[in-house]
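Data block below; observations after.
Number of protein chains: 2
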Amino acid sequence: MKIALAQLNYTIADIQGNSNKILSAIQGAKEQSADLIVFSELAVCGYPPDDLLDYPHFIDACKTAIESIAKACHGITAIVGCPMENPEETGRRLYNSACVLEDGKIVDVIYKTLLPTYDVFNESRYFEVNDIFKTVEIKGVKTAITICEDLWHEMDRFDYQDNPLKLVSVHSPQLIINLSASPFNHGKKEERMEVLVKQSKTYHLPLVYVNQVGAHTDLIFDGSSVVLNGQGEIVHQSASFAEDISYFDLAEQHPVIKAGDLDHIAELHQALVFGIRDYFGKMGFKKAVLGSSGGIDSAVVQALMSDAIGSDNVHAVLMPSQYSSEGSVSDARFLSEQLGNTYTIIPIESAFRAFEGGLSDLFKGLPFSLAEENIQARSRAVYLMAISNKLGYILVNTSNKSEMSVGYSTLYGDMCGSLSILGDVFKTEVYALAKYINRDENRIPDTIIHKAPSAELRPDQKDSDSLPEYDILDTILKLYIEEQIDPELIIQQGIDRDVVNKVIRLVNNSEYKRFQAPPILRVSKKAFGRGRVMPLVSKW
Amino acid sequence: MKIALAQLNYTIADIQGNSNKILSAIQGAKEQSADLIVFSELAVCGYPPDDLLDYPHFIDACKTAIESIAKACHGITAIVGCPMENPEETGRRLYNSACVLEDGKIVDVIYKTLLPTYDVFNESRYFEVNDIFKTVEIKGVKTAITICEDLWHEMDRFDYQDNPLKLVSVHSPQLIINLSASPFNHGKKEERMEVLVKQSKTYHLPLVYVNQVGAHTDLIFDGSSVVLNGQGEIVHQSASFAEDISYFDLAEQHPVIKAGDLDHIAELHQALVFGIRDYFGKMGFKKAVLGSSGGIDSAVVQALMSDAIGSDNVHAVLMPSQYSSEGSVSDARFLSEQLGNTYTIIPIESAFRAFEGGLSDLFKGLPFSLAEENIQARSRAVYLMAISNKLGYILVNTSNKSEMSVGYSTLYGDMCGSLSILGDVFKTEVYALAKYINRDENRIPDTIIHKAPSAELRPDQKDSDSLPEYDILDTILKLYIEEQIDPELIIQQGIDRDVVNKVIRLVNNSEYKRFQAPPILRVSKKAFGRGRVMPLVSKW
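In order, the protein sequence lines correspond to chains A and B.
The numbering of the first sequence is the numbering used here, which starts it at 1 and goes up by one.
The numbering of the second sequence is the numbering used here, which starts it at 1001 and goes up by one.
What follows is the structure, encoded as structure tokens:
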């Protein structure tokens, strides 16, 4: 049996566009004499469609699309992910489904059993749980068709009560197929391979795994589809972070591919660049603008933007205040020249003075404080958004995860932007990214990399005045936010109790800021945004 | 059996504070010789605790609290809502539980079966589904203990496969108790009563319903606990929007209370005032600041704020530009005087000119556009936030749901604020609120109520230049957003196709703005925020 793995990049809700991609892949597979073509989870509408699933006309459009795709399936079988209506009168209205298309019609529909509802996943909000376990015969091969989480009954935090693959295995399948929409994050590829290998080995079955590729605002899907033989060995690998339609013949012998060690920083760079590029591409945006402070965060973002959408399309705005260091403008200017970006210098002092003047009566006799610091950050945001509104450049946000965590950023100031590039990247990782960006040549000037981090909003301000050193800070944050570990256990790892408690208090007290933050490119297993829902009014 | 209904206002995650409230209510009930005291759902931690449930030390703290509350239960039975660990090795780690406390210990634990996972509810994210159905004997009365959704197996959009009350009814209960955390929205009280009456009538059983009261940022819980007799008639009612510990003796005869017609605008006013007051109270905030434009939205917010936290605590900032109408300052000033609020006038022209100056090279030869309109809105936000930062006043947002829907508002401008007061109130309802606020005296000047709505960001601008009249707009928005109806069906109701399509396009295209909006006091069955999750990058 010759199988096509259709790893495609869909646009959420672009049912017509997605259908055309699917149809063209089917046509190509027919020309290659494939017996079967497998698409990813919810391919027809893209994953995740969120609350569009609540709208009857959205479901109708998906149904019309899958029926018209079925009509193209003659001489080939296609398995296509699509939301399908629950034929029963009770239970959720929909099933997350794999439609088996043959002879011009939908010949079978397999429903998803395990509905991920944690972190960024919310499938119990929409779908009913499957309770029918059977194989589907495809070209004489008894096939266990599963959808993404169906293979993940053993989880980090809990095991599901059901094990769908075990339930279907009583029917003696000869092949496992999995339609997936599994987003990228640090360590995910290894974790995913572990799960797939274990399932293939447990049932001594070959496994064809087709994952979605493409970025959907915050979520980045890496593709990386694979085929394992019946011994759990990798015998086929699709591209990562790119569309890829590839072919695999089950009847042939294939050499085993050894999984090499991943360079996590290279992978992070690739994920971010892909996430930015796909966001701009799908939104129809060409050009970006950002505030370039001469600091490392904006420098790394500027380099990533240049890599993602082209140096010509990135415009930097340098907005010194009276508190900016001498080097900050020259460093930022040098950076733009190195990266080949256009730039504008707009000192913010006149705007700052105007606000000061307007507030002079009200603030009479009161000392310089956070208010004045924030006026500077917010004046910069007004400039950046004006440039965005007037010239159609899209403002990207440059805050990193460390400062987002502790609220060390100005709401409606440096927290502005349509997309946060580094909001899931800790400061220590930003340095590693800078080093990676400079792997061949010094694109980011050394002076930017080596200066002490500072917001430069008051005289001689340094991040380390009010925060622990970033290696300690990031260790605490990673354990508390990503690993969700109790503070006591962090302290037991040898970090000072007062420091831990202070950092956690800062994290808890800045939920209200993050609530209004831009969407963040997700690259860790716990990013701020849809995957982390915290109460604002609370006492913890 | 004498039952205490403990309708209390908890703070999320304030486990110590909540425990003290619970203990003091138990003590009071003992003094009143009550046999049983019933608390609301997840009383120990408050509802909803969101992802705090993921933290082991949070669950440990809840466990310690419920054990120490149990120790106080001598001579009385208490039923207290609390998250409890799943003793099994598979399935979610937690159950949403009702703990039965007697003789100083936890004598029984009932788990919740139906886990709402739609709109603002997300319980499948945390909890395992109950599959044990039994009664609990309390002072010789066989009692069916249920938790909130357990009584709601028949839903608007789908029916659950399970019906927990039916499953427990085989054990012949004599009484139904329901621990609830059911948030307020327009029409909810009627809907809730319908469900309770139906269940009581179906099983011919008295029903004691104890709901949480209190606001938790966006979610407003109204309390309104009740007791129904075995004929589904109301025989006891607790207060709405207030704490209330009340007593009811099952053995006594009680007159039937007729449910009166509700005045929805009065109720809306009450809900908003309660929501504001509780937000400020729980956050420890005293004073509020808002931009007062002379328009109806900010006027209604100013009146609501005065009602909620006191006239002395509300500061209005009047920030005219060259496009402001003559009346806008005088109307706003008159409003502040009427309401007894302090106010400051800060013209924004000098800030606007400073930005114009800074951008003059970059914008040379380009016409006045949205960019300049937004500079005005954003300059106002800089002033308001500076006042907030310097003086500790909390900025409240004044955007209404109609403009939030169509994106007729400036991100980082008039969309700023820590809490949106009217973000779930359509413009037509804002007028009705103004009328209600003026029911006894003209607190909001007639000129404000009768002027044509305008953003006043360019010469002679009117909302009706670019939007349909508000009664038509709001009809479309209500059907599309709250009822989730297909556009074709809206058109079939007699509204012009082009208008419907334009409005829906505006709604879909402004998801990115709403993503960064403040939390919104929820008063409709579908508010923007956590209850409506929409893709940003999409094509629909």
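Glycine included, each C-beta is placed from N, C-alpha and C at the ideal position.
Burial state of B/ASP1131 (16 or more Cβ within 10 Å): exposed
Length-filtered (3 minimum) beta strand (DSSP E) runs lying within the stretch 309-374 of chain A: 314-318 and 342-345
In chain order, each beta strand (DSSP E) run of at least 3 residues that lies wholly inside the stretch 407-475 of chain A: none
Classification of A/LYS435 by the beta-carbon crowding that lies within 10 angstroms, buried from 16 upward: exposed
Chain B contact for A/ASP54 (CB, 7 Å cutoff): yes
Chain-ordered chain B contacts of A/TYR512 [CB-CB under 7 Å]: SER1418
Straight-line Cα distance separating B/LYS1390 from A/GLU547: There is no way to answer for residue 547 of chain A, as the model of chain A reaches only from 1 to 540.
Own chain partners of B/ILE1145 with C-beta closer than 6 Å, once the 5 adjacent residues on each side are dropped: ALA1098, ILE1110, VAL1136 and ILE1177
Closer than 7 Å to chain B by CB, A/HIS216: yes
Beta-carbon neighbours of B/PRO1049, restricted to chain A and to distances below 7 Å: PRO535
Buried versus exposed call for A/ILE394 [16 or more other C-beta atoms within 10 Å across all chains shown]: buried
Identity of the residues DSSP links to A/PHE221 by a beta bridge: A/PRO183 and A/GLY214
C-beta neighbour in chain A for B/PHE1368, strict 7 Å: no
Distance CB(B/ALA1025)-CB(B/ILE1234) smaller than 7 Å: no
Amino acids of chain A, ordered along the chain, whose beta-carbon sits closer than 7 Å to that of B/HIS1264: Here the premise fails: no neighbours, minimum Cβ distance about 25 Å.
Pair within 7 Å by beta-carbon distance, B/SER1200 and B/SER1224: no
Residue interval of the alpha helix (DSSP H) (run including B/VAL1197): 1188-1203
Three-state secondary structure (DSSP) of B/PRO1487: helix
Where A/SER321 meets chain B, residues with beta-carbon distance less than 8 Å: The contacting residues do not exist; A/SER321 stays about 12 Å from chain B at best.
N-terminal and C-terminal residue of the beta strand (DSSP E) that B/ALA1006 is part of: 1002-1007
When A/SER311, A/GLY295 and A/LYS30 are compared against A/VAL289, the one with the closest alpha-carbon: A/SER311
Nearest-angstrom Cα separation, counted from A/GLY75 out to A/SER19: 19 Å
For B/LEU1228, the three-state DSSP class (helix, strand or coil): strand
Neighbourhood of B/ARG1497 by C-beta, 6 Å cutoff - its chain only, sequence neighbours within 5 removed: ILE1491
Contact with chain B by A/LEU165, beta-carbon distance below 7 Å: no
Burial state of B/PHE1127, where buried means 16 or more other Cβ atoms lie within 10 Å: buried
CB contact check: A/LYS539 to chain B, cutoff 7 Å: yes
Neighbourhood of B/PHE1248 by C-beta distance below 6 Å, restricted to the same chain and skipping five residues each side: ILE1003, VAL1227 and HIS1236
Integer Cβ distance of B/ASN1400 from B/LEU1370, believed to fall under 8 Å: Rounded, the Cβ-Cβ distance is 20 Å, inconsistent with contact.
Backbone CA spacing between B/SER1330 and B/MET1319 [nearest angstrom]: 12 Å
Identified DSSP bridge partners for B/CYS1099: B/VAL1080 and B/VAL1109
Within 7 Å of chain B by C-beta, residues of the stretch 352-378 of chain A in sequence order: ALA354, PHE355, GLY357, GLY358, LEU359, LEU362, PHE363, LEU366, SER369, LEU370, ALA371, ASN374, ILE375 and ARG378
Pairwise C-alpha distance: A/ALA303 and A/GLY284: 21 Å
Interface partners of B/VAL1382 on chain A, CB under 7 Å: PHE355, ILE375, ARG378, SER379 and VAL382
Per-residue contacts from B/SER1350 into chain A (C-beta, under 9 Å): ARG353, ALA354, PHE355, GLY357 and GLY358
Candidates B/GLN1322, B/GLY1365 and B/HIS1204, of which the one nearest B/ALA1544 by Cα: No answer is possible for residue 1544 of chain B: the residues shown for chain B start at 1001 and end at 1540.
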